[in-house]
Amino acid sequence: MNALGTAEKRERLADLAPDRLAELDAADEADDRTLPELPNVEDYDEVRLRVAPNPNGPWHLGHARMPAVIGRYRERYGGWMLCRFDDTDPETKRPDLDAYDAILGAIEYLGFSPDEVVKASDRVETYYDHARTLIDAGGAYTCSCPAEEFSLLKTEGTACPHREEDPETAHAEFDAMVAGEYDAGERVLRVRTDIDHKNPALRDWVAFRMVDTPHPREAAAEYRCWPMLDFQSGIDDHLFDVSHIVRGIDLQDSAKRQRYVYDYFDWAYPEVLHWGHVQVEAYDVAMSTSTIKAAVAVGDLNGWDDPRAPTIASLRRRGIRGEAIVEAMAGLGTSTSNVDLAMSSVYAANRELVDDEADRRFFVRDGVEKTLLGGPETAEPPLHPDLEDRGVREIPVGGAVRVEPDDVPPNGKRVWLKGLGPVRHTRNAFEFTGEDIEVVRDGDVDVVHWVPADDAVPLRLRTMDGEETGHAEPGVAACAADDVVQFERVGFARLDRVPDDGEAVAYFAHP
RNA sequence: GCUCGCUUGGUGUAGCCCGGCCAAUCAUAUCGGCCUUUCGAGCCGAUGACAGGGGUUCAAAUCCCCUAGCGAGCACCA
212 MNALGTAEKR ERLADLAPDR LAELDAADEA DDRTLPELPN VEDYDEVRLR
262 VAPNPNGPWH LGHARMPAVI GRYRERYGGW MLCRFDDTDP ETKRPDLDAY
312 DAILGAIEYL GFSPDEVVKA SDRVETYYDH ARTLIDAGGA YTCSCPAEEF
362 SLLKTEGTAC PHREEDPETA HAEFDAMVAG EYDAGERVLR VRTDIDHKNP
412 ALRDWVAFRM VDTPHPREAA AEYRCWPMLD FQSGIDDHLF DVSHIVRGID
462 LQDSAKRQRY VYDYFDWAYP EVLHWGHVQV EAYDVAMSTS TIKAAVAVGD
512 LNGWDDPRAP TIASLRRRGI RGEAIVEAMA GLGTSTSNVD LAMSSVYAAN
562 RELVDDEADR RFFVRDGVEK TLLGGPETAE PPLHPDLEDR GVREIPVGGA
612 VRVEPDDVPP NGKRVWLKGL GPVRHTRNAF EFTGEDIEVV RDGDVDVVHW
662 VPADDAVPLR LRTMDGEETG HAEPGVAACA ADDVVQFERV GFARLDRVPD
712 DGEAVAYFAH P
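What follows is the structure, encoded as structure tokens:
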């Protein structure tokens with residue numbers, strides 16, 4: 212049974228036990244259902260979701276949770292998904308112009324494609340329109356209190372003098388804000404909530420403020436009056452008819468703040484779910500955009516796709532499928548407590564995805580050369596031990612082989628060169644002994660991988676822990692960049708560069 | 001300080017709303033066995049958890065209270 216592929220197994224099972232097959236299918240579907248149901252789905256015509264990244268840098272692993280979970284929900288409910296770049300801070304969270312496409316590329320790599328993509332910085336006029344309507348509704352006022360002063364008043368639950376201003380004044384001053392007549396810090400537009408609400412976080416929050424620094428996008432470079440996230444995203448969620456908001460616990464109070472605006476407009480607030488932060492063990496580099504940015508800048512990391520970086524780009528270069536990341540992220544569920552993602556769960560998911568397709572190859576690290584006396588001229592190990600149809604690799608043996616130092620048996624002892632046969636270590640050579648495979652089954656002889664001394668392809672394997680050099684079997688020269696292979700007894704790797712001549716480069720994925 | 005939230009084995013998760021079928025699910029991990037010309041895959045088995053204390057109840061992982069720990073918000077950041 213083990214020699215059969217999955218499809219063949221299914222076929223045989225269908226003949227032998229159709230009931231059991233149905234059970235397996237049901238189990239498969241259940242696997243896909245690790246996420247809890249979204250609340251009150253039946254109340255909406257369509258499940259409409261959004262991912263709302265801040266394009267202030269490429270993505271680290273933690274960012275994958277958002278598209279992974281939201282994308283899975285879209286698939287489950289046959290819903291709709293928006294990608295909205297919340298790029299309304301040209302200064303402190305200044306957008307990185309390359310990040311917009313990098314993020315869309317990452318989402319695609321994870322296996323999702325948004326139904327629509329928008330940038331908040333293209334929609335500023337819309338936010339102004341709604342601000343004016345809100346002023347008319349008595350829901351907002353302009354305020355020139357210095358931030359620290361207002362903060363003190365707020366803490367004691369006292370209104371500032373501007374709170375009672377009339378809508379005409381508010382309109383005039385807001386128009387002046389839009390016209391750029393104030394500098395940063397001189398005036399804001401506040402939402403009128405409850406100034407003595409028991410939760411200080413909800414009291415009269417800022418909806419618009421002045422920013423002196425021009426937005427990096429040319430199309431938005433002239434704006435000086437920018438909405439805050441809570442205002443912008445609240446308006447957009449309604450305008451795009453979002454049914455379910457899924458976001459981090461840092462935004463736990465956002466819904467409560469935005470409800471005030473929704474109430475002024477008489478809109479219904481979407482369903483909302485929060486999740487905690489994701490930590491990833493196994494990396495030396497902290498998983499934060501700014502830390503990685505700094506490490507790349509000073510050369511501690513060799514770019515965002517350095518295998519030591521906890522980034523999406525890094526996993527991608529290592530040949531890990533986006534789907535494996537999604538699987539692992541979906542497995543974390545949507546609980547509001549902080550979670551640790553074990554890389555082993557990403558690896559386990561990936562192994563399942565790539566094991567069948569990855570051809571087997573030999574790669575000998577830091578090999579020692581041994582003259583080979585006797586034996587066949589060609590070795591023929593299978594390309595895949597479980598899929599015989601795939602055929603064999605024909606490896607010309609030549610007069611000498613390389614093996615890893617740890618695999619050299621003591622003098623006089625034998626070892627089985629995989630796909631070639633048994634050899635005895637004599638003085639400084641390997642002597643072909645020709646026994647049957649029984650010697651391996653008996654347990655006295657270890658099976659090891661090897662490469663011919665001639666024609667082996669020099670290869671550098673980049674791993675999370677550094678680089679390893681060695682030689683791969685000659686057939687690797689015919690592989691292409693992007694091929695995912697399993698170096699037997701070493702692990703899965705993605706070929707990154709296979710030049711006609713000279714050193715090939717591969718990235719280690721996992722055992 | 002004020003407010004909100006979280007706490008199930010190494011990791012993650014199910015169960016908690018609507019108490020009993022939970023001596024607690026599944027995955028991953030680790031260990032062992034079988035199989036295998038890989039330290040991969042497959043098969044079998046083992047390991048290991050309801051934060052602590054009170055209360056309600058015939059019955060509590062599930063409801064209530066307290067304590068502890070963790071996290072978040074109280075930004076003219078997202």
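In this text, residue positions in the first sequence follow this note's numbering: the first is 212, and each later residue adds one. Note that the Cβ used here is the ideal one computed from N, Cα and C, for glycine as well. Keep in mind that this is a model prediction, so the values were computed, not measured.
**Study point:** Straight-line gap, residue 509 to residue 498 (C-alpha atoms, nearest Å)
**Key:** 17 Å
Check your understanding: Whole-angstrom Cβ separation of residue 662 and residue 656, contact assumed at under 8 Å?
Key -> With a Cβ gap of about 19 Å, residue 662 and residue 656 do not count as contacting.
Point to revise | Sequence-distant residues of its chain with Cβ nearer than 7 Å to residue 280 (five each side left out) | key: 246, 457, 540, 541 and 545
Point to revise | Of the listed residues 664, 601 and 592, nearest to residue 610 (C-alpha basis) | key: Of the candidates 664, 601 and 592, the one whose C-alpha sits nearest the C-alpha of residue 610 is 664.
Practice item. Using three-state DSSP, classify residue 323 as helix, strand or coil. Key: coil
Exercise for review: Identify the continuous alpha helix (DSSP H) that holds residue 397 and give its terminal residues.
Suggested key: For residue 397, there is no enclosing alpha helix (DSSP H), as DSSP marks it with neither H nor E.
Exercise for review: Any chance you could list the alpha helix (DSSP H) runs of at least 4 consecutive residues sitting entirely within the region 433–472, in chain order?
Suggested key: 440–450
Exercise for review: Kindly indicate which residue of 346, 384 and 429 has the alpha-carbon position closest to the one of residue 403.
Suggested key: Comparing Cα-Cα distances from residue 403 to each of 346, 384 and 429, the minimum goes to 346.
Check your understanding: Using DSSP with H/G/I as helix, E/B as strand and the rest coil, what is residue 617?
Key -> helix
Practice item. Please name the residue in 667, 329, 628 and 487 whose C-alpha comes closest to that of residue 552. Key: 487
Practice item. Taking residue 278 as part of the alpha helix (DSSP H), name the residues at either end of that continuous run. Key: Start and end: 276–288.
**Study point:** Whether residue 331 touches residue 269 by CB criterion (7 Å)
**Key:** no
Exercise for review: Please name the residue in 632, 595 and 410 whose C-alpha comes closest to that of residue 468.
Suggested key: 410
Check your understanding: Near residue 481, what residues of its chain come up, given a Cβ to Cβ distance below 7 Å and the 5 sequence neighbours on each side ignored?
Key -> Non-local C-beta neighbours of residue 481 in its own chain, meaning closer than 7 Å and more than five positions away in sequence, comprise 448, 453, 454, 455 and 456, ordered along the chain.
Review point. What does residue 315 pair with, by DSSP beta-bridge criteria?
Key: None; residue 315 has no bridge partner.
Review point. What is the rounded straight-line gap between the Cα of residue 703 and the Cα of residue 434?
Key: Linking residue 703 to residue 434 through their CA atoms gives a straight-line distance of about 50 Å.
Review point. Using the rule of at least 16 other Cβ atoms within 10 Å of the residue's Cβ for burial, across every protein chain shown, is residue 465 buried or exposed?
Key: buried
Practice item. Inspect the CB distances between the region 558–566 and the region 686–693 and report whether three or more fall short of 8 Å. Key: no
Review point. What is the DSSP secondary structure of residue 409, reduced to helix, strand or coil?
Key: Looking at residue 409 - three-state DSSP - the assignment turns out to be coil, as it is neither helix nor strand.
Point to revise | Runs of alpha helix (DSSP H) wholly within the region 559–633 (minimum 4 residues, chain order) | key: none
Exercise for review: Could you tell me the distance, in whole angstroms, from the CA atom of residue 294 to the CA atom of residue 506?
Suggested key: 28 Å
Check your understanding: Cα-Cα, which of 625, 630 and 561 is closest to residue 653?
Key -> When each option's Cα is compared against that of residue 653, the closest is 625.
Review point. Taking the DSSP output, what are the residues bridged to residue 480?
Key: Note: residue 480 sits in no beta bridge, so no partner.
Check your understanding: First and last residue of the alpha helix (DSSP H) that includes residue 363?
Key -> 358–366
Exercise for review: Check each candidate in 618, 660 and 365 and name the one with the smallest Cα separation from residue 417.
Suggested key: It is 365.
**Study point:** Alpha carbon of residue 276 to alpha carbon of residue 461, nearest angstrom
**Key:** 15 Å
Practice item. Find the nearest neighbour of residue 584 within the set 644, 603 and 600, judged by alpha-carbon distance. Key: 644
Practice item. Report the three-state DSSP secondary structure of residue 263 (helix, strand or coil). Key: coil
Review point. Ordered along the chain, which non-local residues of its own chain (more than five positions away) have a Cβ less than 6 Å from that of residue 637?
Key: Sequence-distant Cβ neighbours of residue 637 in its own chain, meaning closer than 6 Å and more than five residues away, do not exist here.
Check your understanding: How big is the Cα-Cα spacing for residue 358 and residue 701?
Key -> 59 Å
Review point. Below 7 Å between beta carbons: does that hold for residue 572 and residue 491?
Key: no
Review point. When you compare only the Cα positions, how much space is there between residue 472 and residue 391?
Key: 24 Å
Review point. Can you tell which of 604, 586 and 591 has its C-alpha closest to the C-alpha of residue 642?
Key: 586
Exercise for review: Name the residue from 436, 421, 475 and 423 whose alpha carbon lies nearest to the alpha carbon of residue 200.
Suggested key: No statement about residue 200 is possible, as the shown extent of the chain runs from 212 to 722 and does not include it.
Review point. Where does residue 265 land, buried or exposed, given buried means 16+ other C-beta within 10 angstroms?
Key: buried
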